[in-house]
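Quick note: the sequence shown, position 115, residue 114 per numbering that gives the first Met the number 0, numbers continuous. Each residue gets a CB set at the ideal place from its N, CA and C atoms; glycine is no exception. What follows is a single structure, written as structure tokens, with notes after it.
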Amino acid sequence: MKKLIVFILMCMLDVSLYSQQYYWMQTYPNNYSLHDISSYNETECYVLGRRLNSIVIIKSDTLGQNWKVITDSYQNDRELGIIPPFSFRISNPYKNYIFIGREKYEIIKSSDGGLTFDTIKVKPLNPDHNKDPMDYIRGLSMADTNVGIASTNIYLFITKDGWKTYETHSTLDLDIPDEFVIRYGDNFSNNVYAIDKDNFISNVLIIKQISKSEYIRTTGTVRTTDGGKTWNLATLSYLKEDNEPTNYISSFYFHDNNNGWGVGYRSNEFDSTGSKYKSVIFKTTDGGFTWQNNFEVSAGKVGAIFLQIAFRDYKRGVVVGKYGRQFYTTDGGDTWIDESRTDPNTRSSRTVQQVTFMGNLPIISTIYDGIYSAMKYHKTTDVHSEFPNDYNGLIFPNPASDYITISIPEINHRVNPMVDKVQIFDMLGLEVLSVGIGLDLSTQKIDVSHLPAGVYIIRIGNIVEKFVKM
0 MKKLIVFILM CMLDVSLYSQ QYYWMQTYPN NYSLHDISSY NETECYVLGR
50 RLNSIVIIKS DTLGQNWKVI TDSYQNDREL GIIPPFSFRI SNPYKNYIFI
100 GREKYEIIKS SDGGLTFDTI KVKPLNPDHN KDPMDYIRGL SMADTNVGIA
150 STNIYLFITK DGWKTYETHS TLDLDIPDEF VIRYGDNFSN NVYAIDKDNF
200 ISNVLIIKQI SKSEYIRTTG TVRTTDGGKT WNLATLSYLK EDNEPTNYIS
250 SFYFHDNNNG WGVGYRSNEF DSTGSKYKSV IFKTTDGGFT WQNNFEVSAG
300 KVGAIFLQIA FRDYKRGVVV GKYGRQFYTT DGGDTWIDES RTDPNTRSSR
350 TVQQVTFMGN LPIISTIYDG IYSAMKYHKT TDVHSEFPND YNGLIFPNPA
400 SDYITISIPE INHRVNPMVD KVQIFDMLGL EVLSVGIGLD LSTQKIDVSH
450 LPAGVYIIRI GNIVEKFVKM
């Protein structure tokens, strides 16, 4: 028994050091296929998904603790049976303002938190559009309620008045070789970023087909500093053939006009694990005119490449990718700490992930595993085998074998009407127990005898604590 306690305490210490900022908890179940996430600030966050042929919008105004469906009835009437995963983008630049990019060159806009929408069609449809995937809005970013950029596979669109009017850009007057074409976007990431009314950036692929299945490509980013009048190309990989290592940036995050990040991958980078890809984080200090390799890691056999990056401030950031890939930094990218999911079932339900910060806390949307919100510790709980008189902890005994008692004013529903239950999560962030609370209780006794031995997280409203089950 002593060895078990020592082992559990070591695990508990490892977890505290490893997840020194946050614990992740599933705060919305896997009810929908979730594609994108955006948050204006700590007051609201929106997640965009789909249910069959309907758009679903889910909102939180409680730092990701609680979510409600705003709408699930905005029909997608495309005749194709399967909606591609890159078919939706959402941007929430200001309170109650939502912009959504979707099929048929359409951007839908709401100024009342998703209750009503106006539809803007940024380009006439191809007569045979049901067989043409080029009309999907793959990228969408709003710097504010007026300034934004959107992209399809072959066009960039820029607005300065909330999509009342807009400019269309295609070749950008770039000096490219004959027989090469320009393409934008990626299958799973938001490829554009609006910094302000003058500064916009997108990824770019300049490609030439040399046989039925062979291509030559140049990859990079295009950046404008004059509102789209002129564009500059920053090359990542130049004239690479199919079997050569090639760098790609899929999405961006900018702190200001100069300091920003791009995440993506390098193809044809084989290693001893059998991986074909490297997940790569790029950094710029000159606004995207040049990029430096900040961090890279094997994508593994499944190809767990990076998809999106977000920062709370210049120091604290989170990057997510395919198949549960997840890293964070607390020192501005000098080091990146791996907190990727390793369970095969969890990884398969997180083939696509997106991340944003709602105030100080990051939130992750997943394609088939719901929404995960990060929770701060209320404080660090010491571990006691019994409850001494001078102990001010919230949970006792800790470790526990049969029952735990929670002592906290917030557990009284009359003190905090927003708290109506106690939730217990395992270290994967999955809820394993939920217990309702009474109206006049300041303590709560909970039976945990059926839980396997290990470390667990207790959530009471916005207070998070941990305990050890023996």
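| query | Do Leu62 and Leu360 have their CB atoms nearer than 8 angstroms? | reply | yes
| field | Cβ neighbours of Asp368 in the same chain (closer than 6 angstroms, five flanking residues each side left out) | value | Correct list, in chain order: Asn29, Ser348 and Arg349.
| request: Could you have a look at Pro28 and say whether DSSP puts it in helix, strand or coil? | output: coil
| said: For Thr341, which residues in the same chain have their Cβ closer than 8 angstroms to its Cβ, ignoring the five residues on either side in sequence? | reply: Gly323
| So which of Arg315, Ile308, Leu51 and Phe395 has the shortest CA-CA distance to Ser364? | It is Ile308.
| request: Apply the 10 Å Cβ neighbour rule to Phe202 and answer buried if 16 or more other Cβ atoms are within range, or exposed otherwise. | output: It should be noted that the sequence gives Asn, not Phe, for residue 202. Residue environment analysis places Asn202 among the buried positions, since at least 16 neighbouring C-beta atoms fall within 10 angstroms of its C-beta.
| query | How long is the line joining the alpha carbons of Gln25 and Met133, rounded to whole angstroms? | reply | 35 angstroms
| query | Who are the Cβ neighbours of Tyr165 in its own chain at under 7 angstroms, not counting the five residues just before and after it? | reply | Short of 7 angstroms from the beta carbon of Tyr165, and not among the five residues preceding or following it, lie these beta carbons of its own chain, in chain order: Val121, Phe156, Ile157 and Thr158.
| task | Taking all protein chains shown into account, decide if Ala298 is buried (16 or more other Cβ within 10 angstroms of its Cβ) or exposed. | result | buried
| task | Can you say whether Ile209 is buried or exposed, counting buried as having 16 or more other CB atoms within 10 angstroms of its CB? | result | exposed
| Would the beta-carbon of Gly138 fall within 8 angstroms of that of Ala149? | Yes. Within cutoff.
| field | Neighbourhood of Glu430 by C-beta distance below 8 angstroms, restricted to the same chain and skipping five residues each side | value | Met24, Gln25, Gln422, Ile423 and Phe424
| query | Using the rule of at least 16 other Cβ atoms within 10 Å of the residue's Cβ for burial, across every protein chain shown, is Tyr473 buried or exposed? | reply | Summary: the structure shown does not reach residue 473, with the chain confined to residues 0 through 469, and so no result is reported for it.
| What's the C-alpha gap between Tyr192 and Ser266? | 23 angstroms
| field | Lys314 - DSSP class collapsed to helix/strand/coil | value | coil
| task | Kindly indicate which three-state DSSP category Asn344 falls into: helix, strand or coil? | result | helix
| task | Consult DSSP for Val467 and reduce its assignment to one of helix, strand or coil. | result | Three-state result, Val467: strand.
| message | For Met374, list the residues DSSP reports as bridge partners. | response | Tyr22
| request: For Phe199, write down the residues that DSSP places opposite it in a beta bridge. | output: Ala193 and Thr223
| field | Per DSSP, cross-strand counterpart(s) of Phe187 | value | Per DSSP, none; premise fails for Phe187.
| request: Grab the span of the beta strand (DSSP E) containing Glu300 for me, first residue to last. | output: In the sequence on display, residue 300 carries Lys and not Glu. It is not in any beta strand (DSSP E) - Lys300 carries neither H nor E in the DSSP assignment.
| request: For Lys300, I'd like the list of residues in its chain whose CB is within less than 7 angstroms of its CB, leaving aside the five on either flank, ordered along the chain. | output: Thr272, Gly273 and Ser274
| task | Would you mind working out which of Tyr104, Pro92 and Asn125 sits nearest Asp111, comparing C-alpha positions? | result | Across the set Tyr104, Pro92 and Asn125, the C-alpha of Pro92 shows the shortest separation from the C-alpha of Asp111.
| Asp330: which of Ser339, Pro244 and Arg311 sits nearest, CA to CA? | Arg311
| query | Could you check where the beta strand (DSSP E) with Trp162 kicks off and where it finishes? | reply | Counting along the chain, Trp162 falls outside any beta strand (DSSP E), and DSSP gives it neither H nor E.
| said: Using DSSP's beta-bridge definition, name the partner residues of Val319. | reply: Gln307 and Gln325
| field | Boundaries (first-last residue) of the beta strand (DSSP E) holding Trp290 | value | Note, Trp290: premise wrong, no beta strand (DSSP E); not H, not E.
| field | Span of the beta strand (DSSP E) around Pro92 | value | Arg88 to Tyr93
| field | Euclidean distance between Cα positions of Ala452 and Leu238 | value | 55 angstroms
| field | Contacting residues, own chain, Cβ-Cβ under 8 angstroms from Asp389 (five flanking each side not counted) | value | Legend: pLDDT at Asp389 = 35, less than 50; position of this residue unreliable, value from coordinates given subsequently. For Asp389, where only same-chain residues beyond five positions count, there are no Cβ hits under 8 angstroms.
| Comparing alpha-carbon positions, which option in Arg88, Glu43, Leu427 and Thr220 lies nearest Phe187? | Of Arg88, Glu43, Leu427 and Thr220, the residue nearest in Cα terms is Arg88.
| Between the Cα of Glu240 and the Cα atoms of Thr223, Lys321 and Ile205, which residue gives the shortest distance? | Ile205
| query | If you draw a straight line from the C-alpha of Gln291 to the C-alpha of Trp260, how long is it? | reply | Inter-residue distance for Gln291 and Trp260 is about 9 angstroms (C-alpha atoms, whole angstroms).
| field | Among Ser400, Gly219, Ile459 and Phe326, nearest to Asp185 - alpha-carbon criterion | value | Gly219
| request: Tell me whether Asp60 sits in a helix, a strand or coil according to DSSP, three-state version. | output: coil
| Do the CB positions of Ile97 and Ile106 come within less than 8 angstroms of each other? | no
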